[in-house]
Amino acid sequence: MKPSETTLTYLQSLTLSSSTEKAFLDETLRQLKEKQNETRVLAELRSNLTLLALKQQISKEGLDLLTALQKPNFENDLGRTFNLWI
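In this note's numbering, the protein residues as written are 23 to 108.
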């Protein structure tokens, strides 16, 4: 399965209680379905959730999603930064 299909499936399976978080997630899903750049779209979602967390307005489900988005993906991330080291 392609990473974008895995990401899309994971995000579609989430249930968020906050209407603001739902709006962010719906926008992210729409952009992914339109085949927009996955890295940019997920970075925007992470940024929006981080702002909610800083304002202490994030739900537990939203915080769990933010934590999952911030975990390093060594398979992809390491390959992207390797060229910078050379």
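A virtual CB, placed ideally from N, CA and C, is assigned to each residue, including glycine.
Rounded to whole angstroms, the Cβ separation of L36 and L91 is 11 angstroms, and the two are not in contact under 8 angstroms. Ranking S39, Y32, K93, E27 by CA distance to the CA of E56 puts E27 first. Bounds of the alpha helix (DSSP H) holding L54 are 41-55. In its chain, beyond the 5 residues on either side, no residue has a beta carbon closer than 7 angstroms to the beta carbon of R62. Our two residues, T42 and E83, have alpha carbons roughly 12 angstroms apart in a direct line.
DSSP places K77 outside any alpha helix (DSSP H), giving it a letter other than H or E. Judged by their CB atoms, L38 and L47 are nearer to each other than the 7 angstroms cut-off. One thing to note: L54 has its Cβ within 7 angstroms of the Cβ of L30.
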